[in-house]
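Read through the structure below, which is laid out as structure tokens, and then see the notes.
In the working numbering, the protein residues as written are 2 to 229.
And the structure:
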């Protein structure tokens, strides 16, 4: 090939990539989002399904590289050779390197900033503010409530009904007139002596009133174990 023609071909190839790259990038991100959504739906149906991110990236690259090949063929009228496999491998490892840097150095800082900006939920019990995130369960005994946290216990003079009025369904549930339990993935429903109980992460057994069995099971399915 004549040197001038070769330079023109290289210039054409570089110019096409530069102009088409933003479109390809948006297309790749869209394909990735579709793949993630698809596998997320499958994971809700099959709770044991685990899909590595590199596989999602590889699947999303296939239609992206196909689109790029078609664009090059149209723009060059089929005169410019395109190595599909070589481009797929090159961009796959390039993206894996970028994602590794992102998830290793950028994403943790973003997650921390989001966590810091999320307001903490509190309950007012006995005139004191209680961190809802650390609360495991509450048991009412006469005129007092006994609070169990992740690392300590305490009691206060208060009515359980007044405390529950401050909570939402995603915070926890009252399975029995004397109990309130915080939402926790460690909660398990069991049968003991023919009656339903909730076993908590600290091995506490919380009774479930017969009239609240359906509500408790629905709450577990919707808020605690939605994928099971």
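Beta carbons: idealized from backbone N, C-alpha and C, even for Gly.
**Item:** Residue burial classification, residue 220 (beta-carbon count within 10 angstroms, cutoff 16)
**Value:** Label assigned to residue 220: buried.
**6 Å Cβ shell around residue 216 - same chain, five flanking residues per side excluded** = Within its own chain, no residue has a Cβ closer than 6 Å to the Cβ of residue 216 once the five positions on either side in sequence are excluded.
**Message:** Quick check on this structure: which residue in 77, 190 and 196 has the alpha carbon closest to the alpha carbon of residue 218?
**Reply:** The shortest C-alpha separation from residue 218 is found at 190.
**Request:** Please report how far the alpha carbon of residue 74 lies from the alpha carbon of residue 68, in whole angstroms.
**Result:** Cα-Cα distance, rounded: 10 Å.
**Message:** Please return the same chain residues whose Cβ sits closer than 7 Å to the Cβ of residue 214, not counting the five positions on each side in sequence.
**Reply:** Only 197 meet the Cβ criterion.
**Request:** With DSSP collapsed to three states, give me the class of residue 245.
**Result:** The question about residue 245 has no answer, for the chain in this structure spans 2 to 229.
**Item:** Minimum C-alpha distance to residue 37 - residue among 28, 52, 92 and 24
**Value:** From the listed residues 28, 52, 92 and 24, the smallest Cα separation to residue 37 is found for 52.
**Prompt:** Whose C-alpha, out of 150, 176 and 146, is nearest the C-alpha of residue 163?
**Reply:** The candidate whose alpha carbon is nearest that of residue 163 is 146.
**Message:** Please state whether the Cβ-Cβ distance between residue 121 and residue 135 is less than 7 Å.
**Reply:** One thing to note: residue 121 has its Cβ no nearer than 7 Å to the Cβ of residue 135.
**Item:** residue 193 in three-state terms, based on DSSP
**Value:** Note: residue 193 maps to strand in three-state DSSP.
**Message:** Output needed for residue 83: all residues of its chain with C-beta closer than 6 Å, excluding positions within five of it in sequence on either side, in chain order.
**Reply:** Here the set comprises 70 and 73.
**Asked** Who does residue 124 pair with in a DSSP beta bridge?
**Response** Per DSSP, 131.
**Request:** Quick one: residues in its chain with C-beta nearer than 6 Å to the C-beta of residue 43, no 5 flanking neighbours on either side, listed in chain order?
**Result:** Take residue 43, set aside five residues on each side of it, and the residues of its chain with a beta-carbon closer than 6 Å to its own are 50, in chain order.
**Message:** On the criterion of 16 or more Cβ atoms from any shown chain inside 10 Å, does residue 175 qualify as buried, or is it exposed?
**Reply:** Buried, because 16 or more other Cβ atoms sit within 10 Å of the Cβ of residue 175.
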